[in-house]
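Chain order of the listed sequences is A and B.
First residue of the first sequence: 110, per the numbering used here; consecutive thereafter.
First residue of the second sequence: 70, per the numbering used here; consecutive thereafter.
The beta carbon of each residue, even a glycine, is placed where N, CA and C say it ideally should be.
In this text the structure is predicted, and so the values were computed from the model without any measurement.
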Amino acid sequence: MTPIHDLIKKLANEHGRNRRNLLPILQGVVEQEKYLSEHSMIEIARELNLSAADVYGTATFYSFLEHQKMGTYIIRVCKTITCSMKGKNQILLTIQDMLKVGLGETTSDGKFSLLQTNCLGWCHKAPAMLINNEVYTELTPESVREILSQYLKK
Amino acid sequence: MVASSYQLKRADFIFKNDNDWERILDKTLKRPPQELINELMSSELKGRGGAGFPTGLKWKLTAEDPSDEKFVICNADEGEPGTFKDREILSKVPYKVLMAMAVCGYVIGSSKGYIYLRGEYKFLVPELNKAIQEFEYYCKEVGHDFSIQIFLGSGAYICGEETALFESMEGKRGEPRNKPPYPTSNGYLGKATVVNNVETLAHTFTIFKYGAKKFYDLGVQYSRGSKLFSVSGDTPKPGIYELELGMSLQDFVHEFGDGDTKAVQVGGASGFLVPRKRFDKTTIGYRGKLTGISLPTGGSMMLYNSSRSMYNVLDNYLEFFREESCGQCTPCRVGCQQLHSGIKAVKRGEKPAQYLDKLLKLTETMQLTAKCGLGQSVANSFSSIVENFREEMIY
Chain A
110 MTPIHDLIKK
120 LANEHGRNRR
130 NLLPILQGVV
140 EQEKYLSEHS
150 MIEIARELNL
160 SAADVYGTAT
170 FYSFLEHQKM
180 GTYIIRVCKT
190 ITCSMKGKNQ
200 ILLTIQDMLK
210 VGLGETTSDG
220 KFSLLQTNCL
230 GWCHKAPAML
240 INNEVYTELT
250 PESVREILSQ
260 YLKK
Chain B
70 MVASSYQLKR
80 ADFIFKNDND
90 WERILDKTLK
100 RPPQELINEL
110 MSSELKGRGG
120 AGFPTGLKWK
130 LTAEDPSDEK
140 FVICNADEGE
150 PGTFKDREIL
160 SKVPYKVLMA
170 MAVCGYVIGS
180 SKGYIYLRGE
190 YKFLVPELNK
200 AIQEFEYYCK
210 EVGHDFSIQI
220 FLGSGAYICG
230 EETALFESME
240 GKRGEPRNKP
250 PYPTSNGYLG
260 KATVVNNVET
270 LAHTFTIFKY
280 GAKKFYDLGV
290 QYSRGSKLFS
300 VSGDTPKPGI
310 YELELGMSLQ
320 DFVHEFGDGD
330 TKAVQVGGAS
340 GFLVPRKRFD
350 KTTIGYRGKL
360 TGISLPTGGS
370 MMLYNSSRSM
380 YNVLDNYLEF
390 FREESCGQCT
400 PCRVGCQQLH
410 SGIKAVKRGE
420 KPAQYLDKLL
430 KLTETMQLTA
440 KCGLGQSVAN
450 SFSSIVENFR
460 EEMIY
């Protein structure tokens with residue numbers, strides 16, 4: 110048995126094998142693997158006795174359930190109106206420059222992925238970004254450099 | 070300046086630290102369900118997520134449904150651009166929301182509650198689970214059977230729409246259902262379900278603690294009570310403020326503007342843009358027979374000053390809708406795409422300025438034919454921006 114198979118079995122035991130347990134299971138795999146491979150989606154379908162198409166259709170609906178290989182740290186910069194108004198592009202350029210990564214790409218060492226996302230709900234402290242589940246607000250190019258250098262050390 | 074008839078009135082209920090929730094819960098659970106429904110109805114509390122459905126009526130309809138199993142769901146999928154109040158409630162006064170859910174369960178006859186929390190707020194989970202554990206422990210001690218579970222979303226704005234939320238909880242794509250049937254009879258897993266916004270639940274705590282009259286005395290006719298406002302954009306004091314409903318936008322801008330406010334977006338990207346010349350004719354509350362226009366809102370207030378281009382603002386909104394449209398119904402899926410590429414084409418001069426009128430017609434069609442509130446509401450911001458700032462849209 111592959112580790113992913115074990116993980117899916119464990120998640121299914123924990124949440125249940127009904128269709129209504131699908132999202133927590135998909136989230137559990139993403140939490141660990143950072144994305145859902147075709148292989149994991151097929152395994153989940155088998156485990157829950159669903160069609161692979163149903164699992165794929167559901168998984169690809171949700172923007173936080175990535176289905177392409179992602180880095181260890183997924184950076185999501187908010188691009189909705191207030192963050193956009195308050196300098197989101199400067200934040201993006203700083204990250205791109207520092208990590209040498211394009212938008213929608215993953216660094217060659219597999220450590221960081223850079224994405225944009227819709228409203229994170231921090232408009233009063235714009236601009237904001239998420240690194241995995243961690244929130245960073247009131248960003249400036251300087252503060253972003255500082256935050257990223259901490260992650261580079263990890 | 071002519072003195073305004075209504076000044077901003079601050080209120081402080083939601084974040085007030087009422088550390089006697091156990092006593093309030095005991096007291097409330099001793100009252101007959103019908104009395105609690107009457108209390109809510111007489112407070113005239115309306116849903117604070119933006120739609121404004123009377124909360125008491127929602128509980129009443131669900132209580133009357135013969136479903137063998139019922140659910141209480143707290144909608145914490147706060148995704149409307151410019152809204153961030155629900156997170157603050159859940160992190161500062163979670164026990165108010167939990168208590169309200171338990172009371173709702175008692176009123177409608179349900180022992181199972183869920184908090185649908187947006188994935189973007191996942192960092193709240195550990196603290197919230199701790200609060201839930203303490204709460205459930207207390208419920209068990211006093212012999213009240215009610216459990217609460219967090220259900221995490223995964224980055225889909227549309228799941229804040231209640232029927233899309235059910236679909237998502239049932240492990241499917243978050244695509245809204247046709248209404249009717251309504252959640253009060255056919256909700257999660259087809260059972261009668263109350264879905265209330267986080268803030269709405271927190272207000273019921275105020276009502277059960279202080280009585281309906283205290284709440285009713287705030288605000289104006291048809292728009293009773295206080296409301297949290299998420300203030301952002303070009304303002305020297307962005308943040309969350311609890312204000313009485315019924316204020317004029319003029320007073321709001323006087324308090325929160327930077328002296329150069331050009332327009333205010335009321336109700337997030339799906340709401341309305343109000344230009345400066347209409348500030349004094351606009352009040353914030355629910356639709357009613359108030360003088361002038363009364364705009365409902367989930368509390369999102371975004372201010373724009375003269376340095377902002379309304380074209381860029383609209384472009385940003387439409388990109389948002391284009392991405393967040395669930396894609397299920399054609400008017401919304403294709404409509405959002407066409408509106409977005411349409412304004413770009415007009416801006417670049419590839420289409421004549423009159424093309425904007427065609428796009429306005431398209432938004433009317435979307436308003437009439439889209440399946441859910443998302444597609445129907447795109448017209449709000451689109452038409453209010455294009456009609457008031459047409460010159461900024463054209464080449």
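Work out the CA separation of residue j and residue i for me, nearest whole Å.
i	j	result
A169 (chain B)	K263 (chain A)	42 Å
G188 (chain B)	L297 (chain B)	22 Å
T360 (chain B)	G354 (chain B)	The pLDDT assigned to T360 (chain B) is 45, lower than 50, so where the model puts this residue is not dependable; a value taken from the coordinates is nonetheless given after this. Between T360 (chain B) and G354 (chain B), the C-alpha separation is close to 12 Å.
L130 (chain B)	E247 (chain A)	44 Å
T262 (chain B)	F140 (chain B)	5 Å
H124 (chain A)	L193 (chain B)	20 Å
Q218 (chain B)	Y183 (chain B)	5 Å
K427 (chain B)	S216 (chain B)	52 Å
L201 (chain A)	L114 (chain B)	43 Å
M370 (chain B)	H323 (chain B)	13 Å
G212 (chain B)	P236 (chain A)	47 Å
K143 (chain A)	E214 (chain A)	14 Å
C441 (chain B)	R377 (chain B)	31 Å
L387 (chain B)	V455 (chain B)	12 Å
G137 (chain A)	G418 (chain B)	48 Å
C398 (chain B)	K416 (chain B)	28 Å
L318 (chain B)	D206 (chain A)	43 Å
Per DSSP, what kind of secondary structure is residue i in: helix, strand or coil?
i	result
K420 (chain B)	coil
N198 (chain A)	helix
P250 (chain A)	helix
N158 (chain A)	coil
P102 (chain B)	helix
T438 (chain B)	helix
T203 (chain A)	helix
M238 (chain A)	strand
V264 (chain B)	strand
V403 (chain B)	helix
Q319 (chain B)	helix
C143 (chain B)	strand
Y182 (chain A)	strand
V244 (chain A)	strand
T124 (chain B)	helix
S369 (chain B)	strand
Can you give me the start and stop residues for the beta strand (DSSP E) that residue i sits inside?
i	result
G334 (chain B)	The sequence given here places Gln at residue 334 (chain B); Gly does not occur at that position. Run containing Q334 (chain B): T330 to V335, per the beta strand (DSSP E) assignment.
K154 (chain B)	Not the beta strand (DSSP E): K154 (chain B) falls in the alpha helix (DSSP H), residues K154 to K161.
K296 (chain B)	S295 to G302
Any beta-carbon of chain E closer than 8 Å to the one on residue i?
i	result
L239 (chain A)	The structure shown has no chain E; the protein chains it does contain are A and B.
Quick one: measure Cβ to Cβ for residue i and residue j, integer angstroms, because I've assumed they're closer than 8 Å.
i	j	result
Y185 (chain B)	I142 (chain B)	6 Å
F221 (chain A)	I184 (chain A)	6 Å
P250 (chain A)	T203 (chain A)	4 Å
E156 (chain A)	R126 (chain A)	7 Å
I309 (chain B)	F153 (chain B)	7 Å
V172 (chain B)	L105 (chain B)	7 Å
S339 (chain B)	S450 (chain B)	7 Å
G240 (chain B)	L131 (chain A)	3 Å
For the alpha helix (DSSP H) holding residue i, just list the boundary residues, first then last.
i	result
Y380 (chain B)	M379 to E393
Q225 (chain A)	Note, Q225 (chain A): premise wrong, no alpha helix (DSSP H); beta strand (DSSP E) at F221 to T226.
G137 (chain A)	L131 to E142
R459 (chain B)	R459 to M462
P112 (chain A)	P112 to H124
Should residue i be counted as a contact of the ligand PLP given a C-beta to heavy atom distance under 7 Å?
i	result
H323 (chain B)	Ligands in the displayed structure: none, and consequently the ligand PLP is not present.
Requested in this report: Check distances from the C-beta atoms of the segment 122 to 146 of chain A to those of chain B and list, in chain order, the residues that come in under 9 Å.
Outcome: Under the 9 Å Cβ criterion, the segment 122 to 146 of chain A contributes N127, R128, R129, N130, L131, L132, P133, I134, L135, Q136 and V139.
Requested in this report: Could you run through the segment 221 to 255 of chain B and flag, in chain order, every residue whose CB is less than 7 Å away from some CB of chain A?
Outcome: Cβ contacts with chain A: L221, S223, G224, A225, Y226, S237, M238, E239, G240, K241, R242 and G243.
Requested in this report: Check distances from the C-beta atoms of the segment 139 to 170 of chain B to those of chain A and list, in chain order, the residues that come in under 7 Å.
Outcome: Result list: E147, G148, P150, G151, T152, F153 and R156.
Query raised in the report: Listed in chain order, which residues of the segment 176 to 192 of chain B have Cβ atoms closer than 8 Å to some Cβ of chain A?
Result: If the cut-off is 8 Å between Cβ atoms, the segment 176 to 192 of chain B has R187, G188, E189, Y190, K191 and F192 near chain A.
Requested in this report: Would you list, in chain order, the members of the segment 109 to 122 of chain B that have their beta-carbon closer than 7 Å to a beta-carbon of chain A?
Outcome: Cβ contacts with chain A: none found.
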